[in-house]
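In the working numbering, the protein residues as written are 461 to 796. Heads up, the beta-carbon is just placed ideally off N, CA and C, and yes, glycines get one too. What follows is a short report on a single structure.
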């Protein structure tokens, strides 16, 4: 039998009612998700590059005033909008990742962050992390920065990245024999970075690459050594079995997951030299642009899973037929 004493009654702790959740977090999860969809609707860019990097951005939204020269009843100046697309918000991280002090809450840069809502508290961050990474375009121009990012970023965030932009510059032809070691290291660094990215970015849907080939005599072929890093992303494309599977209506199954879009922009010294030395020959200039554009499309098709023959079909047809007269001026194919 348990007896109640004076001391036991004195030590008895009072039972407090749990704190009631108020405000935004008290809303149902469905309503919060609708708010998150609206808040993260616009696209953001996260550039993990150095301060000196120059990228072509969308032209900002501007408004021009045009004077009414003709007499009219309404003499109010007309407003003419040049661009209807608002440029995305850009945040650049030039510092090496993993080598900085923890940011204190009172010193958080709310205006310079991609989305201030994600910095309110841990619960809101956990609820918005998927939206944050899915609606952000991540931009890299160096292999070491890519490796550091995939090393320190959370696995949950990396798996939800859907868009990746790469600015890839090849090492070029070494002028001296002892410089070949740096060419090999440069190629291996990019290949290792792209290999890690292709394994980590399981939710990647769109890849866009700006590639500058600094070879002395560049050849546009899918078997070139400087193209191997980009072909690492082939593992993210749909498998051949799924892509070739047929339904009852004899229509191929469209993959809903995996890498679906790969855009590659190729630039060699021919793209500049042709315009510099043969500016008066517009047909030659257009042929050079067309061949480089078709090769970029071929690289994109190869990345998303096409065979070499299917990917290079458009380029080979243009080289043999449409632009056959410029083969001696544009030595872009081996054995041509």
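Report task. Under 8 Å Cβ to Cβ from residue 642, same chain only, skipping five residues before and after it: list those, please. Result -> 631 and 634
Query raised in the report: Any idea if residue 640 is buried or exposed, counting beta-carbon neighbours within 10 angstroms, 16 or more meaning buried?
Result: exposed
Report task. Could you check if residue 654 is buried or exposed, using at least 16 other CB atoms within 10 Å of its CB as the buried criterion? Result -> buried
Report task. Look up residue 721 in the DSSP assignment and give the residues it is bridged to. Result -> 666
Query raised in the report: Are the stretch 768-778 and the stretch 659-676 touching by the rule of at least three beta carbon pairs closer than 8 Å?
Result: no
Requested in this report: Report all residues from its chain with a CB closer than 6 Å to the CB of residue 706; omit the five preceding and five following residues, and keep chain order.
Outcome: Note that residue 706 scores a pLDDT of 42, beneath 50, so its modelled location is shaky and nothing firm can be said.
**Report entry** Pick from 737, 718, 667 and 629 that is closest to residue 513, judged by C-alpha positions
**Finding:** 629
Query raised in the report: In or out: residue 583 buried (at least 16 other Cβ within 10 Å) or exposed?
Result: exposed
Query raised in the report: Should the stretch 601-617 be regarded as contacting the stretch 488-504, the criterion being three or more beta carbon pairs within less than 8 Å?
Result: no
Report task. Using three-state DSSP, classify residue 537 as helix, strand or coil. Result -> Low confidence applies here, because residue 537 scores a pLDDT of 46, under 50, leaving its location unreliable and the question unanswered by this model.
Query raised in the report: Roughly how many angstroms separate the alpha carbons of residue 486 and residue 492, rounded to a whole number?
Result: 9 Å
Query - Check: residue 672 C-beta below 7 Å from any heavy atom of the ligand COA - result: Among the components modelled here there is no ligand, and therefore nothing to report on the ligand COA.
Query raised in the report: Quick one: what does DSSP say residue 635 is sitting in, helix, strand or coil?
Result: coil
Requested in this report: In the DSSP assignment, find the alpha helix (DSSP H) that holds residue 492 and state where it starts and stops.
Outcome: 489-499
**Report entry** Sequence-distant residues of its chain with Cβ nearer than 6 Å to residue 729 (five each side left out)
**Finding:** none
Query raised in the report: Would you call the CB atoms of residue 725 and residue 765 closer than 8 Å?
Result: no
Query - Endpoints, the alpha helix (DSSP H) within which residue 731 is located - result: 729-737
Query raised in the report: Going straight from the alpha carbon of residue 780 to that of residue 735, what length do you get?
Result: 22 Å
Report task. With a 10 Å radius around its C-beta and 16 neighbouring C-beta atoms as the bar for buried, classify residue 506 as buried or exposed. Result -> buried
Report task. Give me the Cα-Cα distance between residue 484 and residue 600, rounded to the nearest whole angstrom. Result -> 36 Å
**Report entry** the stretch 731-746 touching the stretch 673-684, judged by at least three CB pairs closer than 8 Å
**Finding:** no
Query raised in the report: If you follow the beta strand (DSSP E) that residue 596 is part of, which residue opens it and which one closes it?
Result: 596-600
Query raised in the report: What residue range is occupied by the uninterrupted beta strand (DSSP E) comprising residue 629?
Result: 623-629
Requested in this report: Could you say which of 636, 627 and 585 lies nearest to residue 614 if we only look at CA atoms?
Outcome: 585
Query - alpha helix (DSSP H) segment containing residue 654, residue limits - result: 640-660
Query raised in the report: With a CB to CB cut of under 6 Å and the five nearest residues on each side skipped, what residues in its chain are close to residue 685?
Result: none
Query raised in the report: Over what stretch of residues does the beta strand (DSSP E) that includes residue 505 continue unbroken?
Result: 504-508
Query raised in the report: Can you tell me whether residue 588 is buried or exposed, with buried defined as 16 or more other CB within 10 angstroms of its CB?
Result: buried
**Report entry** Residues near residue 590 in its chain [Cβ-Cβ closer than 6 Å; skip 5 each side]
**Finding:** 620
**Report entry** N- and C-terminal bounds of the alpha helix (DSSP H) containing residue 605
**Finding:** 603-612
Query raised in the report: What do you get for residue 760, buried or exposed, if any count of 16 or more other CB atoms within 10 angstroms of its CB means buried?
Result: buried
Query raised in the report: Considering only C-alpha positions, which residue in the set 762, 786 and 771 is nearest to residue 746?
Result: 786
Report task. Using DSSP bridges, identify the partner residues of residue 749. Result -> Residue 749 pairs with nothing; no bridge assigned.
Query - Span of the alpha helix (DSSP H) around residue 688 - result: 688-691
Query raised in the report: Taking residue 616 as the reference, which of 602, 598, 637 and 594 has the closest Cα?
Result: 594
Query raised in the report: Tell me which same chain residues have a C-beta within less than 6 Å of the C-beta of residue 692, skipping the five on either side of it?
Result: 654, 655 and 658
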